[in-house]
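Participant: The structure's right below; bear with me while I get my questions together.
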Amino acid sequence: MFLAVFTPSESNEVSPDAALVNRLLQRDVSAFEDLYDRHSRIVYTLVLRILQQASTAEEVVQDVFLHLWRNAAQYDGSRGPFLPWLLTLARNRALDQLRLKSERQRRREEQAEELPPVVAIPDFEGSLDEKRRAKRVRELVALLDPKQKRAIELAYFEGLSHSEIANALQEPLGTVKGWIRNGLLRLKEGLQATS
Amino acid sequence: MNNAGQFRDPFRELIEEYALGSLDAEERAAVGAHLASGCAECTKALEEARLLVSQLAYLAPEAAPLDMLRGRLLETVRAEAAAAKSHTSTISESAIPLWMWGAVAAVLFFALYNAYEAHSLRETIRKTQEALTAQMELQQESARRLAWARREALILTDPRSMKIAMSAGTKGMPELQATWHHSMGIVVSGQKLPMPSGNRTLQLWLIPKAPGARPMPSMTLRPDADGTFDLLVANPPDSPSGTKALAITEEPAGGSPQPTTTPIWVGAVAGK
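Those protein sequence lines, which keep their order, are chains V and Z.
Under this note's numbering, residues 92 to 286 are what the first sequence spells out, in order.
Under this note's numbering, residues -10 to 261 are what the second sequence spells out, in order.
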């Protein structure tokens, strides 16, 4: 199953992330440091992509990790791995911030000067699997039709609905629905084949 | 597609887009309601879909936050952890001193005493209210009796009142005295009357002058324990001029519409 890609090989095994989250419950600062070092980059990458503004992205990332520190009990390890949970939390916060500002057009105009240069992520222990998975996701999505990829990105990074995407791309609603559905299924099948 | 696909849950194929958040409001509400109904297959599919969707984060251009953000966060986290530790140790290490237990006990005692006092006060107020109500009822009854007695006195003393002697047909039975005032009513009184048997009572009748007219029922009364009989009819059903006689019979409790026994006492009303 798809879940197997993310879960430890033995069902009784506690993932490193879950163990760190358990230590957060004991107010263990070093566990927080470890979790931050493991995941702050991808969280920041996602939030920055959504908000397109470094200062606001840092505020949201800080908010996400403080929320984790103060509400670690909200993560239920039995319902899935930690990182997707954290990314979902970060995406929701970032999209909330995006909607709150409602300055999408102005942001696009300022994009060139606001976006920082791409930062090369230094290798660190345990990042290999994640880097490999990231590479695979990019490869699989690159195989999609450009408009199909764009439709998925508009949904994920900008929080647009099918109708809003159809309007933005000037394409029929049914076509947009088909692109997104088909694109997600192809990504899923590709990741399953990889695992 | 296999045959099983023909029976696939129509909501199932929307789960990935539900996790992505791209469904329009109506579809999103429908899928949400379906999930809320407890569909196990779709709930499990949603967990997987959320994992799938989270992978889209890797499509973003890689970036890293400034070290300053890490420093700010750790500063906040360390301060909160220290504060929590300090709070915990304050509670766990400092045993509650005896004087504080004494204070707690005093507060508890005071609270219990207050509760007792409040209860006692409520009880006192309740009893006082009951006594006041009883007193008022007594006063009303006394006032009623006084008004009744005054009325009787006026009837009995007014020279315009008509005196009617009501003699008993049975030997040894005391005589009753009736006094009829044209506007204030009739008083019938007597002493040492025998008590009617069982629950039976004595009932006054007005016998009309008109030939063939039936006796008109009036009030009922049992003598008291001393045999005293004192009946006031404030509003007689007829005037003395139309009444031939007064009679008293023994009737069942509550009285009768028509006499059921032979009158014990009868008194002729003098015609004018």
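Just so it is clear, CB atoms sit at the ideal spot from N, CA and C, and this is done for glycine as well.
None of these values were measured; they are calculated from a predicted model.
1. Going along chain Z, which residues have a C-beta under 8 Å from Gln153 (chain V)?
2. Note down, in chain order, every chain B residue with its Cβ under 9 Å from the Cβ of Gly250 (chain V).
3. Starting from Arg39 (chain Z), find everything on chain V with Cβ-Cβ shorter than 9 Å and list it in chain order.
4. Quick one: which chain Z residues come within Cβ less than 7 Å of Tyr127 (chain V)?
5. Suppose the cutoff is 7 Å on Cβ atoms and the five residues either side in sequence are ignored; what does the same chain contact list for Glu239 (chain Z) look like?
6. Straight-line CA distance for Gln188 (chain V) to Thr147 (chain V)?
7. In the DSSP assignment, find the alpha helix (DSSP H) that holds His108 (chain Z) and state where it starts and stops.
8. Can you list, in chain order, the residues of its chain whose CB lies under 8 Å from that of Gly274 (chain V), leaving out five sequence neighbours each side?
9. Can you give the beta carbon distance from Lys279 (chain V) to Leu41 (chain Z), rounded, assuming they're within the 8 Å contact cut?
10. Establish whether the CB of Arg118 (chain V) and some CB of chain Z are separated by less than 7 Å.
11. Measuring only the C-alpha atoms, how far is Tyr105 (chain Z) from Leu97 (chain Z)?
12. Helix, strand or coil: which one does DSSP assign to Pro237 (chain V)?
13. Please list the partners that Arg67 (chain Z) has in chain V, where partner means a Cβ-to-Cβ separation under 8 Å.
14. Go ahead and pull the three-state DSSP assignment for Lys364 (chain V).
15. For the beta strand (DSSP E) containing Gln192 (chain Z), name the first residue and the last one.
16. So the candidates are Z:Met155, Z:His170, Z:Asp13 and Z:Lys198; which of them puts its Cα closest to the Cα of Gln180 (chain Z)?
17. Can you pull the DSSP bridge partners for Gln261 (chain V)?
18. Can you give the beta carbon distance from Leu58 (chain Z) to Glu124 (chain V), rounded, assuming they're within the 8 Å contact cut?
19. Of the choices Z:Arg134, Z:Thr217, Z:Leu127 and Z:Cys28, whose alpha-carbon is the least far from that of Leu165 (chain Z)?
20. Check whether the segment 141 to 161 of chain Z touches the segment 106 to 126 of chain Z, taking contact to mean three or more Cβ pairs, one atom from each stretch, closer than 8 Å.
21. Show which residues of chain V have a CB atom less than 8 Å away from the CB atom of Glu2 (chain Z).
22. Determine whether the beta carbon atoms of Leu220 (chain Z) and Met208 (chain Z) lie at a separation below 7 Å.
23. To which residues of the same chain is Leu245 (chain V) closer than 7 Å at the C-beta, ignoring the five residues directly before and after it?
24. Taking all protein chains shown into account, decide if Met89 (chain Z) is buried (16 or more other Cβ within 10 angstroms of its Cβ) or exposed.
25. Determine whether the Cβ of Leu146 (chain V) lies closer than 7 Å to any Cβ atom of chain Z.
Facilitator: Let's see:
1. The sequence position of residue 153 (chain V) within the first sequence is 62, counting from 1. What Gln153 (chain V) touches in chain Z: Leu58, Arg61 and Leu62.
2. Among the chains of the structure shown, chain B does not appear; the protein chains present are V and Z.
3. Start at 1 with the first residue of the second sequence, and residue 39 (chain Z) comes out as number 50. Gly171, Pro175, Trp176 and Thr179, listed in chain order.
4. Along the first sequence, read from residue 1 onward, the residue named residue 127 (chain V) stands at position 36. Residues of chain Z passing the Cβ test: Arg59 and Leu62.
5. Along the second sequence, read from residue 1 onward, the residue named residue 239 (chain Z) stands at position 250. Spatial neighbours of Glu239 (chain Z) in its own chain (CB-CB distance under 7 Å, excluding positions within 5 residues in sequence) are listed in chain order as Pro185, Arg189, Leu191, Thr250 and Ile253.
6. Taking the first sequence and counting its residues from 1, one reaches residue 188 (chain V) at position 97. Taking the first sequence and counting its residues from 1, one reaches residue 147 (chain V) at position 56. Approximately 9 Å between the Cα atoms of the pair.
7. Against the second sequence, residue 108 (chain Z) aligns to sequence position 119. It spans Leu87 to Thr146 - the alpha helix (DSSP H) in which His108 (chain Z) sits, taken as one unbroken run.
8. Counting from one through the first sequence, the residue named residue 274 (chain V) turns up at place 183. Listed in chain order, the non-local C-beta contacts of Gly274 (chain V) below 8 Å within the same chain comprise Val232, Leu235, Gln239, Lys240, Ala242 and Ile243, local neighbours out to five positions each way being set aside.
9. For the purposes of this step, residue 279 (chain V) is taken as the residue at position 188 of the first sequence. For the purposes of this step, residue 41 (chain Z) is taken as the residue at position 52 of the second sequence. Going by Cβ atoms, the distance from Lys279 (chain V) to Leu41 (chain Z) rounds to 5 Å, so yes, they are a contact pair.
10. As a working note, residue 118 (chain V) is residue 27 in the first sequence. Arg118 (chain V) has a beta carbon lying within less than 7 Å of a beta carbon in chain Z.
11. Mapped onto the second sequence, residue 105 (chain Z) falls at position 116. Mapped onto the second sequence, residue 97 (chain Z) falls at position 108. Roughly 12 Å between the two C-alpha positions.
12. Residue 237 (chain V) sits at position 146 when you count from the first residue of the first sequence. In the structure shown, Pro237 (chain V) sits in a helix (DSSP, three-state: H, G or I).
13. The count along the second sequence starts at 1 and reaches residue 67 (chain Z) at position 78. Taking a Cβ-Cβ threshold of 8 Å, the residues of chain V close to Arg67 (chain Z) are Val120, in chain order.
14. The displayed coordinates of chain V run from 92 to 286. Any statement about residue 364 (chain V) would go beyond what the structure contains.
15. Mapped onto the second sequence, residue 192 (chain Z) falls at position 203. For Gln192 (chain Z), the enclosing beta strand (DSSP E) begins and ends at Thr190 to Pro197.
16. Counting from 1 along the second sequence, the entry for residue 180 (chain Z) is found at position 191. In this structure, Z:Met155 is the residue among Z:Met155, Z:His170, Z:Asp13 and Z:Lys198 with its C-alpha nearest to the C-alpha of Gln180 (chain Z).
17. Taking the first residue of the first sequence as 1, we reach residue 261 (chain V) at position 170. Answer is none; Gln261 (chain V) lacks a bridge partner.
18. Taking the first residue of the second sequence as position 1, residue 58 (chain Z) is located at position 69. Taking the first residue of the first sequence as position 1, residue 124 (chain V) is located at position 33. In this structure Leu58 (chain Z) is not in contact with Glu124 (chain V), their Cβ atoms being roughly 13 Å apart against a cut-off of 8 Å.
19. On the second sequence, position 176 is the one that residue 165 (chain Z) refers to. For Leu165 (chain Z), the closest of Z:Arg134, Z:Thr217, Z:Leu127 and Z:Cys28 by C-alpha to C-alpha distance is Z:Thr217.
20. Taking 8 Å as the limit for Cβ pairs, the verdict is that the segment 106 to 126 of chain Z does not touch the segment 141 to 161 of chain Z.
21. Working through the second sequence from its first residue, we reach residue 2 (chain Z) at position 13. Under the 8 Å cutoff, chain V gives Arg272.
22. Position 231 of the second sequence, counted from the first residue, corresponds to residue 220 (chain Z). Position 219 of the second sequence, counted from the first residue, corresponds to residue 208 (chain Z). Contact flag set, yes.
23. To locate residue 245 (chain V), count along the first sequence from 1; it is residue 154. Excluding the 5 residues flanking it on each side, Leu245 (chain V) has same chain C-beta neighbours closer than 7 Å at Leu251, Ile256 and Ala259, in chain order.
24. Position 100 of the second sequence, counted from the first residue, corresponds to residue 89 (chain Z). The residue in question, Met89 (chain Z), is exposed, as its Cβ has fewer than 16 Cβ neighbours within 10 Å.
25. Against the first sequence, residue 146 (chain V) aligns to sequence position 55. The amino acid occupying residue 146 (chain V) in the given sequence is Ser; Leu does not appear at that position. No, because no Cβ of chain Z sits closer than 7 Å to the Cβ of Ser146 (chain V).
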